[in-house]
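These notes concern the structure reproduced below.
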Amino acid sequence: LLAGYRQLLAAGTRLQWDAAAIDLSHDCAALQRLPAERRGRVTELLAGFWVAEHQVADQLRPFIAATDGDARRCFELQAGDERRHARFFDRVVRTVLGVDPPTAARELAGAAIIALFDHELPVMAAGLQEGTTGLGEAVALYHLVLEAIVLAAGEEALLREAASLPGVADGAARVQADERWHVGLGVQALLDSGFQTGPALDRLAARAAGAWGEQVAGHEATAHALATHRRRVALLRRHSGVTL
Ligand SMILES: [Fe+2]
Ligand SMILES: [Fe+2]
């Protein structure tokens, strides 16, 4: 759980992949073969990931500006990962869902995903940019809640529901591997930040776990993400005196 910036850089560098090289040629037909209800869930997940990955890619700049040295190099490497994830879901929405991403994805994504990634994340990032929000508070939302709970639960759901879509499953597994070191980066940055907050983070975590809707929220993978979150927060308290 506590890797250090050098190890995180090495892990992130080792995991690099090409979003354009993933073969999506069988996925559109595979999606059409799914029962309607499941096809609907996969569609909403893919559209939600399009919105989420574009926003996390767009909102990372103030995190880079707020750090230096190896920490900054980690956030820069992460920014490249997020742009790659956004490009991957561009391809997926266009070729698998068969719609134009910027307009259609926001119509197909769930309201709670839109609220978290299109509204709350940009507000937090703007605060960080302007100096009214600390790095720790911003990392708690971005890395500990959006990545470690919402995206982690969504990736598990995608790997389950879209297991018969070979390209989507391949990309989702690679995105999931990248997100793990991003969360490790968040934990390290929080340790260094002296961040203090109260039960607001618990309430936010609980709300985030429901962001993909009941089907995902009720799954054991989401309960596991929340349990891991609680362990992470307890570990941060022990190691830093940071109040989370
Ligand atoms: Fe990502
Ligand atoms: Fe990420």
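If you count by the working numbering, then the sequence shown holds residues 197 to 440, one letter each, in order. Beta carbons: idealized from backbone N, C-alpha and C, even for Gly.
- Message: Alpha carbons only, please: which of R269, R376, E233 and L340 is nearest the one belonging to R399?
- Response: Residue mapping note: residue 399 aligns to position 203 of the sequence shown, counting from 1. With distances taken between Cα atoms, R399 lies closest to L340.
- Message: I345 and V247 - do their beta-carbons sit closer together than 8 Å?
- Response: As a position in the sequence shown, residue 247 is number 51, starting the count at 1. As a position in the sequence shown, residue 345 is number 149, starting the count at 1. Not in contact: V247 and I345 (Cβ atoms no closer than 8 Å).
- Which one of R283, T209, E343 and T424 has the shortest CA to CA distance from C270? As a first step, residue 270 must be located in the sequence shown, where it is residue number 74. Of the listed residues, the one whose Cα sits closest to C270 is T209.
- Query: To the nearest whole angstrom, what separates the beta carbons of L361 and L241, a pair I think is in contact under 8 Å?
  - Reply: Taking the first residue of the sequence shown as position 1, residue 361 is located at position 165. Taking the first residue of the sequence shown as position 1, residue 241 is located at position 45. Contact doesn't hold; Cβ gap of about 11 Å is too wide.
- Query: How many angstroms separate the CA atom of R433 from the CA atom of V383?
  - Reply: On the sequence shown, position 237 is the one that residue 433 refers to. On the sequence shown, position 187 is the one that residue 383 refers to. If you take the alpha carbons of R433 and V383, they lie about 11 Å apart.
- Query: Is Q392 helix, strand or coil by DSSP?
  - Reply: For this step, residue 392 is matched to residue 196 along the sequence shown. Three-state result, Q392: strand.
- To which residues of the same chain is A215 closer than 6 Å at the C-beta, ignoring the five residues directly before and after it? Here residue 215 refers to the residue found at position 19 when the sequence shown is read from its first residue. R280, R283 and F284.
- Task: Apply the 10 Å Cβ neighbour rule to R426 and answer buried if 16 or more other Cβ atoms are within range, or exposed otherwise.
- Result: On the sequence shown, position 230 is the one that residue 426 refers to. By the neighbour-count rule (16 or more Cβ atoms within 10 Å), R426 is not buried but exposed.
- Task: Note down, one range per segment and in chain order, each alpha helix (DSSP H) of at least 4 residues found wholly within the region 238-315.
- Result: 257-261, 265-291, 297-304 and 307-310
- Can you round the beta-carbon distance between V450 and A358 to whole angstroms, since I take them to be within the 8 Å contact cut? The shown model of the chain, from 197 to 440, leaves out residue 450, and the question about it has no answer.
- Item | Short Cβ contact (8 Å threshold) for L273 with L205 | Counted from its first residue, the sequence shown places residue 273 at position 77. Counted from its first residue, the sequence shown places residue 205 at position 9. The answer is yes: Cβ separation under 8 Å.
- Message: Can you list, in chain order, the residues of its chain with a C-beta nearer than 8 Å to that of D266? Leave out the 5 residues immediately preceding and following it.
- Response: On the sequence shown, residue 266 is found 70 positions in, with the first residue counted as 1. Closer than 8 Å at the Cβ level, and outside the excluded window around D266, lie Y201, R202 and L205.
- Query: Where does T418 land, buried or exposed, given buried means 16+ other C-beta within 10 angstroms?
  - Reply: Position 222 of the sequence shown, counted from the first residue, corresponds to residue 418. A residue is called buried when at least 16 other Cβ atoms come within 10 angstroms of its Cβ; T418 meets this threshold and is buried.
- Task: Using only the heavy atoms of ligand 2, determine whether one of them is closer than 7 Å to the beta carbon of V252.
- Result: Stepping through the sequence shown from its first residue, residue 252 is reached at position 56. At least one heavy atom of ligand 2 is nearer than 7 Å to the Cβ of V252, so yes.
- Which runs of the alpha helix (DSSP H), 4 residues or longer, sit entirely within the region 198-238? 201-210 and 223-228
- Message: How far does the alpha helix (DSSP H) with E326 in it extend, from its first residue to its last?
- Response: Here residue 326 corresponds to residue number 130 of the sequence shown, with the count starting at 1. Run containing E326: L317 to E326, per the alpha helix (DSSP H) assignment.
- Can you give me the Cβ contacts of L342 inside the same chain, cut-off strictly under 8 Å, excluding the 5 residues immediately before and after it? Indexing the sequence shown from 1 puts residue 342 at position 146. Hits under 8 Å: A248, V252, L312, F313, L317 and A404.
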